[in-house]
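Counting from 1, position 176 in the sequence shown corresponds to residue 546 in our numbering; the numbering is continuous, with no gaps. Beta carbons are placed, not taken as given, at the ideal position from N, Cα and C, and that holds for glycine. A quick note: this is a predicted structure, and the numbers were derived from the prediction, not measured. What follows is a short report on a single structure.
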Amino acid sequence: MKYNPDLHHRRSIRLQGYDYTQPGAYFITICTANRKCLFGKVVDCQMRLNETGRIVRDEWLQTAALRPGVVLDAFVVMPNHVHGIIVLIDGRGTLQRAPTSTPYAPTSTPCAPTSTPCVPTSTPCAPTVERFGNPISDSIPTIVRLFKSVTTKRINILRGTPGMPVWQRNYYEHIIRNNESLNRVRQYIADNPERWAYDRENPDATNPEKERPWRP
371 MKYNPDLHHR RSIRLQGYDY TQPGAYFITI CTANRKCLFG KVVDCQMRLN
421 ETGRIVRDEW LQTAALRPGV VLDAFVVMPN HVHGIIVLID GRGTLQRAPT
471 STPYAPTSTP CAPTSTPCVP TSTPCAPTVE RFGNPISDSI PTIVRLFKSV
521 TTKRINILRG TPGMPVWQRN YYEHIIRNNE SLNRVRQYIA DNPERWAYDR
571 ENPDATNPEK ERPWRP
C-alpha cells in the first residue's frame, strides 16, 4: 500500500488500555465532516430533522434493535452532530443494575431516560480496541464505525453523492462512571437544542461555551 500520512499517522483518542466491551454507560458524540449542518435546524429551541436527519435518528435506534447487549439511553440528533448514551449490558463485566427499558420510539427530540442508572462495578479488562480488519462485536468502536458507515451510505444514496464523507474521521466518548455523572449527561442531552446558540459545535455561535456543561 502506498504511504498515506492520513492513514498511517492516525492517533486514537480512546482511553488507552480500556476495554470498550466493558459493560457500562458511554456518552458518545459524533460530528459531521467540517461541522456541516446536514441534519436539520433548531427552531424555537426545538430540533427539526430533515430527511437526512431522520436517517441518522432511525439508524441510531437500530443500534439497539439489532444488538441484544446494547440499550440506548438519552440521545439527540443536532444539525451537525449526534449526542447519545450507549449502555452495554452484556460482556465480561457486570453492572449494579441493568437497564429495564426497551429502545425508545423514533423522535426528533431527546428521549427521556426511563432505565435504571448503570454503573460499572468490574475493573477494566485487557485492552480491547478495534483495529483495522479486526472488528470487535458490540464494542463501542465497532458500534460507532458501523453506525457511521450505514448512515453515510444511505445519505449518499439520498443525495446522489457516492463516496462523499458525512462524518468526521473520529468521534468523542466519555466513560460514565457513576450515577451523578449519568444524570448530568442526560440533562445536557435534553437541553442541547435550547443551548444551540452557545454550542461549541454551532458554526454560527456568537459566544460558544468554552467548558462542557455536563462535566463536574
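Task: Selected residue, minimal CA-CA separation from I425, among V536, A395 and V412 - done: V536
Open item on the list: Short of 8 Å in beta carbon distance, which residues of its chain neighbour E429, apart from the five on each side in sequence? Order them along the chain.
Closed with: F517, V520, T521 and R524
- [ ] Report the residue from I398, P393 and G394 whose alpha carbon sits nearest the alpha carbon of R515.
- [x] I398
- [ ] Would you be able to state if there are at least three C-beta pairs under 8 Å between the stretch 436-453 and the stretch 557-572?
- [x] yes
Task: Backbone CA spacing between Y568 and R556 [nearest angstrom] - done: 18 Å
TODO: Give the DSSP-derived three-state secondary structure of A435 in the structure shown.
DONE: helix
TODO: Have a look at C495 and P393 and give me their C-alpha separation to the nearest angstrom.
DONE: The predicted position of C495 is uncertain, since its pLDDT is 32 and thus under 50; no value can be drawn from it.
TODO: Buried or exposed for V413, please, with buried defined as at least 16 other CB atoms from any protein chain shown within 10 angstroms of its CB.
DONE: exposed
TODO: Leaving out five residues on either side along the sequence, give the residues of the same chain with a beta carbon under 6 Å from the beta carbon of S478.
DONE: With a pLDDT of 40 at S478, under the threshold of 50, the modelled position of that residue is not reliable, and no figure is offered here.
Task: Status (buried if at least 16 other CB within 10 Å, exposed otherwise) for P449 - done: buried
Task: For C401 and Q538, believed in contact at Cβ under 8 Å, the rounded distance - done: 5 Å
Open item on the list: Let's test the definition: count the other Cβ atoms within 10 Å of the Cβ of R547 and tell me whether it reaches 16, buried, or not, exposed.
Closed with: exposed
Open item on the list: Just checking T522 against the ligand MG - is the residue's beta carbon closer than 7 Å to any of the ligand's heavy atoms?
Closed with: The ligand MG is not part of this structure, which contains no ligands at all.
Open item on the list: Using the three-state DSSP reduction, which class does D621 fall into: helix, strand or coil?
Closed with: Because the chain spans 371 through 586 in this model, residue 621 falls outside it and cannot be assessed.
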